[in-house]
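Numbering (full-length UniProt numbering), first residue to last: 1 to 88.
Idealized CB from N, CA, C, for every residue including glycine.
Note that the structure is predicted; figures quoted are calculated from it, not measured.
In structure tokens form, the structure reads like this:
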């Protein structure tokens with residue numbers, strides 16, 4: 001992560017960036033997005049200091065979660081440990 005954002009505590013043990021990223025737009029809802037472009041977007045979001053990424057299994061019939069997983073695999077352990085993925 002290149003930048004940091006203000007943090008907010010959720011519950012007793014979870015701290016996330018004050019601004020999260022809603023990943024719905026990376027799937028079919030607003031038109032097709034090329035995988036490489038979507039991965040680049042997620043990397044930029046993380047580089048900007050966002051630590052909360054919101055998704056759902058219905059976004060792209062599970063493809064959205066697979067896309068996020070493909071990006072998570074490329075991150076260092078320390079960067080990955082700072083992220084929270086919310087799915088519904």
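- Burial of residue 23 is indicated by the presence of at least 16 other C-beta atoms within 10 angstroms of its C-beta.
- The continuous beta strand (DSSP E) containing residue 86 extends over residues 84–87.
- Runs of the beta strand (DSSP E) lying entirely within the UniProt domain "NADP-dependent oxidoreductase" (18–88) and spanning at least 3 residues, in chain order: 52–55 and 84–87.
- The alpha-carbon separation between residue 79 and residue 6 amounts to approximately 16 angstroms.
- Judged by DSSP in its simplified three-state form, residue 14 adopts strand.
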